[in-house]
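Participant:
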Amino acid sequence: MSENIKHISDASFEADVLKSELPVLVDFWAEWCGPCKAIAPILEEVAKEYAGRIQIAKMDVDANQAVPAKFGIRGIPTLILFKNGEAAAQKVGAMAKGQLTAFVESNI
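Going from the sequence shown to the numbering used here is simple: count from 1 and add 273.
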């Protein structure tokens, strides 16, 4: 676990994401998901580079069912960028660092 990435739950979602001052990129993932593991180090790098501009959070879809269901998460990894309490943008599937930073840049 990293100090740059916040692990969130159904219970903490509202406080950690919807009420955040910063935009929050939530990674919906699971332990058994290969592409989720592949994107984890990329998210770590982006979390460091964008510290103070964006918060990156991870939510385990196996341990937390309410929030993923609310946002219709069907495939993982799914990344949703929340701004001002709203889902502003979404990407499904693992991506390269350049794709991830372009997604973040175009939406924050």
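By construction, the Cβ of each residue, glycine as well, lies at the ideal position given by its N, Cα and C atoms. For clarity, every value in this text was computed on a predicted model and none was experimentally measured.
Report yes if the CB atom of residue 355 is closer than 8 Å to the CB atom of residue 319, and no otherwise.
Facilitator: No, they are not a contact pair.
Participant: Around the C-beta of residue 321, are 16 or more other C-beta atoms found within 10 angstroms, so that it is buried, or is it exposed?
Facilitator: With fewer than 16 Cβ atoms within 10 Å of its Cβ, residue 321 is classed as exposed.
Participant: Alpha carbon to alpha carbon, how far is residue 381 from residue 327?
Facilitator: Straight-line Cα distance between these residues: approximately 8 Å.
Participant: Are the Cβ atoms of residue 331 and residue 280 separated by less than 8 Å?
Facilitator: Yes.
Participant: Give me whichever residues DSSP pairs with residue 302 in a beta bridge.
Facilitator: 333.
Participant: Assuming residue 367 contacts residue 312 (C-beta within less than 8 Å), just tell me the rounded distance between them.
Facilitator: With a Cβ gap of about 4 Å, residue 367 and residue 312 count as contacting.
Participant: Are the beta-carbon atoms belonging to residue 360 and residue 376 less than 8 Å from one another?
Facilitator: It is not a contact, given that the beta carbons lie outside the stated cut-off.
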